[in-house]
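Input: a single structure, listed below in structure tokens.
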Amino acid sequence: TTCLVCFLFGLMYVTAGGHHLLEVADHYLSAYSLLLVGAVECMFVGWAYDSFALSEEVRRHSGQALGHIWAALIKYVCPVNLSILLLYNIFQEIRTPFSGVPTWATLFGWAIFVGSLLFILYAVIKPMHLPGTINLTTCC
């Protein structure tokens, strides 16, 4: 069923207007969704997984120590910078929308962004209710 759903979803990109849909999807995925995913990954690695544990694991496997500056970068600098860039892109999009596309295509692009946001929320909240998983309330 997954292959069929992906096939049907990808079918719209091979139609006559598929190039325009691909342009819209590329714009909204690269300007918003990737920044959101990057910020969430940095927060997860920095806070939930424990950046010091990851640093120790890297040292154990490679022999190279990452140091405390890496932990500060992954916990604070990267998520803040990615969040600022995401907000800046959203405000820029509100002021000057993606040009040359109809309103339905803009709504399609925002739906892609909201869909990725909902998926991230689901991926974070669902495991919290399973036994033996990371408890974010104790690590943050």
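Residue 188 in the working numbering is what sits at position 88 of the sequence shown, and the numbering runs on without skipping anything.
Ideal Cβ positions, reconstructed from N, Cα and C, are used throughout, including at glycine.
These numbers come from a predicted model, not from an experiment.
CB-CB under 7 Å to residue i, same chain, minus the five flanking residues each way: which ones, in chain order?
i, result
"Ser133", "Ile212, Phe213, Ser216"
"Leu154", "Val145"
Might you give, ordered along the chain, the residues of its own chain that have their beta carbon closer than 8 Å to the beta carbon of residue i, omitting 5 neighbours on each side?
i, result
"Phe107", "none"
"Phe152", "Ala171"
"Ile190", "Tyr132"
"His120", "Val201, Ala205"
"Trp210", "Tyr128"
"Gln164", "Val158"
Would you mind working out which of the options sits nearest residue i, comparing C-alpha positions?
i, options, result
"Val201", "Thr101, Leu111, Gly118", "Gly118"
"Phe70", "Ile174, Thr102, Ala125, Leu104", "Because residue 70 is not part of the residues shown, which for the chain are 101 to 240, the question remains open."
"Phe208", "Leu136, Leu129, Pro227", "Leu129"
"Ile220", "Asp150, Gly138, Leu182", "Gly138"
What separation, rounded to the nearest whole angstrom, lies between the Cα atoms of residue i and residue j?
i, j, result
"Thr206", "Leu186", "17 Å"
"Val224", "Cys142", "14 Å"
"His249", "Tyr149", "What the structure shows of the chain is the stretch from 101 to 240, and residue 249 is not part of that stretch, so it cannot be assessed."
"Val140", "His127", "20 Å"
"Met112", "Thr101", "18 Å"
"Val180", "Tyr222", "22 Å"
"Cys178", "Ile169", "12 Å"
"Cys103", "Leu218", "22 Å"
"Leu184", "Pro231", "Going by the sequence as given, residue 184 is Ile instead of Leu. If you take the alpha carbons of Ile184 and Pro231, they lie about 35 Å apart."
I'd like to know whether the C-beta atoms of residue i and residue j end up nearer to each other than 9 Å.
i, j, result
"Tyr159", "Leu166", "Note on residue identity: the sequence assigns Arg, not Tyr, to residue 159. Yes, the Cβ-Cβ distance between Arg159 and Leu166 is below 9 Å."
Below 8 Å on the Cβ atoms is my guess for residue i versus residue j; work out the distance and round it to an integer in Å.
i, j, result
"Leu173", "Leu135", "Not a contact, Cβ separation roughly 17 Å."
Considering only residues of the same chain and omitting the five flanking positions on each side of residue i, which have a CB-CB separation below 6 Å?
i, result
"Leu122", "Tyr113"
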